[in-house]
Each structure stands twice: as structure tokens, then as C-alpha cells.
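> Here my numbering is used: the first residue of the sequence shown is -8, the next is one more, and so on.
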Amino acid sequence: MSRLSAQVLDSDSDNDFDEGDIKPASIPGPNASKGEFMEALKVLQLEVQHLRKENRALKENNKVLLAEKPKRKRRVEAPDELVAHKQTISLYARKYSMTVEMFPDSELLTKKRPDSPMPFNSHDRYKTASTQESAFLDELYAHFPERVHRAMESVYFKDLVHHMFRFVPMYII
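#1: Taking the alpha helix (DSSP H) that H41 belongs to, which residues open and close that run?
#2: Using the three-state DSSP reduction, which class does T79 fall into: helix, strand or coil?
#3: What is the rounded straight-line gap between the Cα of S145 and the Cα of P108?
#4: Since I believe L151 is in contact with L77 (beta carbons under 8 Å), could you give me their beta-carbon distance rounded to a whole number of angstroms?
#5: Considering just the uninterrupted stretch of the alpha helix (DSSP H) at L128, what are its terminal residues?
#6: Nearest to D106 by alpha carbon, out of H134, T122 and K62?
#7: Run through DSSP, which three-state label would S113 get?
#8: Can you tell which of K50, R85 and F148 has its C-alpha closest to the C-alpha of E98?
#9: Can you list, in chain order, the residues of its chain with a C-beta nearer than 6 Å to that of Y117? Leave out the 5 residues immediately preceding and following it.
#10: Quick check on P136: buried or exposed, where buried means 16 or more other Cβ atoms within 10 Å of its Cβ?
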């Protein structure tokens, strides 16, 4: 390593850098002999070789650390009462995606059904954004059986429905 880069590293780092057996290379001036240039080149090549070896060891260490790192859970465990409806929700979600709405708004999947929703077969359902949302929720709740309506307000329901929508056969599209 040249003296200049060693100074830069020393000022930027926490002095954790281990130079090992590397001699600082002095860069010869313009009037230096061929032998001085060859000596500087040899020192720099040895330094590069040492740094490559150190880099290889660090990469191996990173691979080991990544392999030992605990996996992150992708989904929160659902309560038992929701898991009991998993098969029913999956069945109706797939049917819903094939026959009614292939790409529903994910924000709407966890909302409560309005007290007086706009009927989904009404001509006025597209008048405003709120009537459109109300009609969508009415259609969604009408499609799923009563016993899973309580589960429909959970994040578990949204995740399960989106999972089922990903596996809709492509021949339908």
C-alpha cells in the first residue's frame, strides 16, 4: 500500500486495519532507475496479492455469517379460529379471483363491511369513490360465506387471498 493510501485509511478507520508484513511502498520519482521502479512494482504486487487473500477470507466469513443468520418470519402466526377457515377462504378466494375480481385493491380486503352498503349490481356503484368501495365490499362479503366474515377483517385474510390470487391459472387471463 502506498504511504498516501495508508494515511487515508488510518485517518478514516478506527485503526483496525492490519497491514501484516506489507512494507509501505515509496513511489519513485521521474528520475528513478529501472531497478527502483521494479522494486516498487514488486512491493505493490505483493500488497495486491495480500489484499486479495484478505478479501477472499472476508467473503468466506460473510457467507458463514449469512448462513448462520436466523431466518425472518414472513407472516405472523394466525389465531386458531382463522386457521380453521383457511381451506374455506382459499377455496372462495380462488373462485372469487376467477369469476369476479382478479386484482382487488389490497387495502379494501381488510375493511369492515359498511352498515348500508351500495349494492354491487347497482348502476350507481361507480358514481363516487366511496360508492365504488362500498359496492366492492358488498360484493366481497356476499361472495364469502357468513362463517368467515369475522376473519375477513384480519391481515391473515388479506395475505391468504393475495396468495391465492397469485396462483390463478394463466389460461383464464
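Every residue gets a Cβ at the ideal spot worked out from N, C-alpha and C, and that includes glycine. Predicted model, so just to flag it, every value in this text is computed and none were measured.
Answer, in terms of the structure:
#1: What you label residue 41 is simply residue 50 of the sequence shown in a count that begins at 1. Element bounds for H41: K25 to E59.
#2: Here residue 79 refers to the residue found at position 88 when the sequence shown is read from its first residue. T79: helix per DSSP, three-state reduction.
#3: Taking the first residue of the sequence shown as position 1, residue 145 is located at position 154. Taking the first residue of the sequence shown as position 1, residue 108 is located at position 117. One alpha carbon belongs to S145, the other to P108, and they sit about 20 Å apart.
#4: Counted from its first residue, the sequence shown places residue 77 at position 86. Counted from its first residue, the sequence shown places residue 151 at position 160. It should be noted that the sequence gives Lys, not Leu, for residue 77. Yes, K77 and L151 are in contact; Cβ-Cβ is about 7 Å, under 8 Å.
#5: The residue labelled residue 128 in the question sits at position 137 within the sequence shown. Per DSSP, L128 belongs to the alpha helix (DSSP H) from A120 to H134.
#6: Reading the sequence shown from its first residue, position 115 is the one you call residue 106. That would be T122, whose Cα lies nearest to the Cα of D106.
#7: Within the sequence shown, residue 113 is the residue found at index 122, counting from 1. The answer is coil: DSSP assigns S113 none of H, G, I, E or B.
#8: Position 107 of the sequence shown, counted from the start, is the residue given in the question as residue 98. Comparing alpha carbon positions, the residue from K50, R85 and F148 closest to E98 is F148.
#9: Indexing the sequence shown from 1 puts residue 117 at position 126. Counting only Cβ-Cβ distances below 6 Å, and skipping sequence neighbours, we find Q123.
#10: On the sequence shown, position 145 is the one that residue 136 refers to. The residue is exposed, with fewer than 16 neighbouring Cβ atoms inside 10 Å.
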